[in-house]
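Heads up, the sequence shown is in this note's numbering, so the first residue is 9 and it goes up one at a time. We put the CB at the ideal spot given by N, CA and C, even for glycine. A quick note: this is a predicted structure, and the numbers were derived from the prediction, not measured. I have placed the structure first, in the form of structure tokens, so that the comments after it can refer back to it.
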Amino acid sequence: MGFKGEPTGKHGHTDIVRNPEFQAFLSACKPMMASDGDVRVQIVRRFQPYERNLTLHPDYLVAIDGSPYVSEVDRRFPSTQVLYVKVASVKLDLARLNTLRESKARYIDPYEINRIEQAATALSFWFNGANLVPEGASTPKAGFRMMLRRQFASEQSRIGGQRFLIDTLYDACRLRQGFEGIPGNDRDKLNYDEKTRSLIVRRCANLGCEAALEGIFVPRTIESVPCPACGEPIYATDVLRLDEAFQEYQDNEGVLTRIRTTLEHLLALHYLLYVHEAEPSAIHNIGIVMDGALAIFGESAKFHRALMAMHKIGMDDCGSARRPMPVLFGIQKSGEVLDFANLLDAQQAAEDCIPNGSFLFVDDDLRYRYVSPRPEAYRNAVYGDETYYGQDVIVKTHAGRIFVLNLAYTCGNKAGGEFSRRGDPLCYPALQRALSTVEAVESGLYSGSSIPQQLAHKYASISHVPGGKVLDILAKQAIKGR
Ligand SMILES: [Zn+2]
């Protein structure tokens with residue numbers, strides 16, 4: 009995702025402001041809730057101080073950020089599109105970054121930043137969009153599903169010898185159901201068969217069939233199995249349900265956004281599983297930072313539980329090796345919580361501001377009262393129950409910058425009592441390490457963002473000239489040339 013800061017028109021509203029009818033309307037309105045300075049002060053007082061300690065963070069940090077791009081081959085109806093997603097991961101040497109910081113410069117030179125990059129890789133995924141049918145498929149949507157499965161098994165997705173992204177999808181299904189506490193007799197919810205190590209697909213995704221299935225087993229090594237009802241292929245990647253919003257003849261930008269977030273989080277899981285298999289407790293020294301909240305929205309949302317389960321496994325790995333706890337969080341560059349934090353802090357006398365070097369956990373009570381208010385009757389619902397695997401924390405760094413972190417839950421699943429204490433900072437043994445990481449990577453280059461985000465975005469970015477244009481030209485030439 010890109011950064012804010014585009015200028016907007018400033019004078020478009022002046023004629024409304026001068027309109028006497030508008031002024032009469034405004035003076036007749038009463039605020040529902042008085043802007044209550046006392047409430048603001050009470051909330052600011054709840055911020056807890058922390059020490060700036062640059063020795064606690066992991067030595068390495070991996071930042072993951074994806075960027076979607078739609079190439080319009082033909083704008084006329086029916087829309088003809090090629091879809092691209094690039095997900096970059098950048099590994100940063102935080103120890104080296106600390107050495108640079110000793111120069112006491114307020115801004116870190118971007119050229120210096122280049123030197124602290126250990127490795128940057130980007131996975132590029134591409135799919136046919138509307139009105140394009142790849143060879144071997146019958147419709148655009150069938151082609152999209154086929155491409156999704158192929159991209160998951162592509163050579164670029166292989167890490168550590170034999171782990172492809174498709175393996176991580178199988179593990180995601182296994183982890184999700186293992187930690188969700190789905191009883192064995194609730195067969196409809198199971199997506200993974202331990203005995204045959206197969207995925208279980210329960211709905212045919214082929215247009216015109218969409219049969220509810222007894223449960224089709226798709227083994228890891230087979231690209232597709234035929235649907236018993238229609239004979240068309242069923243893919244393991246169908247469990248992601250990303251095809252459901254796919255448009256045969258219209259714009260697919262919405263689908264692409266869903267693909268981007270799903271891929272970002274599955275890639276994080278991909279790395280976590282790889283480290284777990286190679287050297288389990290090594291994860292204590294490799295922090296992972298995601299762009300945005302630790303949450304998966306849309307049709308693939310249920311896979312957030314796999315990440316939650318995996319983080320708990322990482323904690324157990326580090327615990328049994330007597331290592332510090334692993335660091336996993338997202339940084340949110342926009343949204344209600346950041347708006348709320350900025351409002352708390354804005355235009356106050358210095359002594360009334362959020363103190364530098366402090367944090368606040370945004371528990372559901374605070375959220376439903378002030379951040380995204382709900383009527384009392386609806387405040388019992390767990391925020392993000394179907395989507396989130398992390399807890400929002402507002403942080404004001406010692407340098408005075410505000411960040412909204414989303415810190416990975418530590419309980420592995422949402423079934424037990426531990427989950428009900430997710431708003432308690434004491435439940436997060438990696439909290440101080442995460443704060444230390446934020447202090448190490450904060451940057452003044454863009455407000456609300458940090459060095460790893462900027463870097464990951466740089467590598468992920470395909471939506472700007474010339475990268476995007478090149479893709480446009482390629483797509484047009486290839487399709488016209490046939
Ligand atoms: Zn079928």
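For the alpha helix (DSSP H) assignment, the uninterrupted runs of no fewer than 4 residues enclosed by the segment 133-179 are, from N- to C-terminal side, 148-160.
A direct Cα-Cα distance of roughly 33 Å separates S162 from L413. Using a cutoff of 7 Å, the CB of C235 counts as near ligand 1, since one of the ligand's heavy atoms is closer than that.
In the DSSP secondary-structure assignment, F55 is not bridged to any residue.
For E287, there is no enclosing beta strand (DSSP E), as DSSP marks it with neither H nor E. Sequence-distant partners of I304 (beyond 5 residues in either direction) whose C-beta falls short of 7 Å from its own C-beta, in its chain, are T269, T270, H273, F311, H312 and T395. Look at Q185 here: in three-state DSSP terms it is helix. Residue side-chain check: A244 keeps its Cβ at 7 Å or more from all non-hydrogen atoms of ligand 1. Not one heavy atom of ligand 1 sits closer than 7 Å to the Cβ of N199. The segment 173-180 makes contact with the segment 233-253: 3 or more CB pairs, one atom from each, lie closer than 8 Å. K94 has S75 and S132 as its beta-bridge partners, per DSSP.
The Cβ atoms of K404 and P363 sit closer than 8 Å to each other. In this structure Q159 is buried. Its beta-carbon is surrounded by 16 or more other beta-carbon atoms within 10 angstroms.
Within the model, the alpha-carbon separation for C212 versus G223 is close to 10 Å.
With contacts defined as CB atoms closer than 8 Å, L415 and F55 fail to qualify as a contacting pair. Using a cutoff of 7 Å, the CB of C212 counts as near ligand 1, since one of the ligand's heavy atoms is closer than that. As the crow flies, the alpha-carbon of C361 is around 8 Å from that of A354. Taking the Cβ atoms as the reference, L131 lies roughly 5 Å from V95, within the contact range of under 8 Å. The segment 319-407 is shown to contain whole alpha helix (DSSP H) runs of 4 or more residues at 344-353, in chain order. Here DSSP, grouped into helix, strand and coil, assigns L274 to helix. Partner residues in the beta bridge of V226, as assigned by DSSP, are L207. Inter-segment contact for the segment 57-74 and the segment 292-304 is present: three or more beta-carbon pairs are separated by less than 8 Å. For P234, the enclosing beta strand (DSSP E) covers residues S232 to P234. The DSSP-derived three-state label of Q89 is strand.
Residue pairing by DSSP places M298 opposite I72 and G338 in a beta bridge. In the three-state reduction of the DSSP assignment, K99 falls in the strand class.
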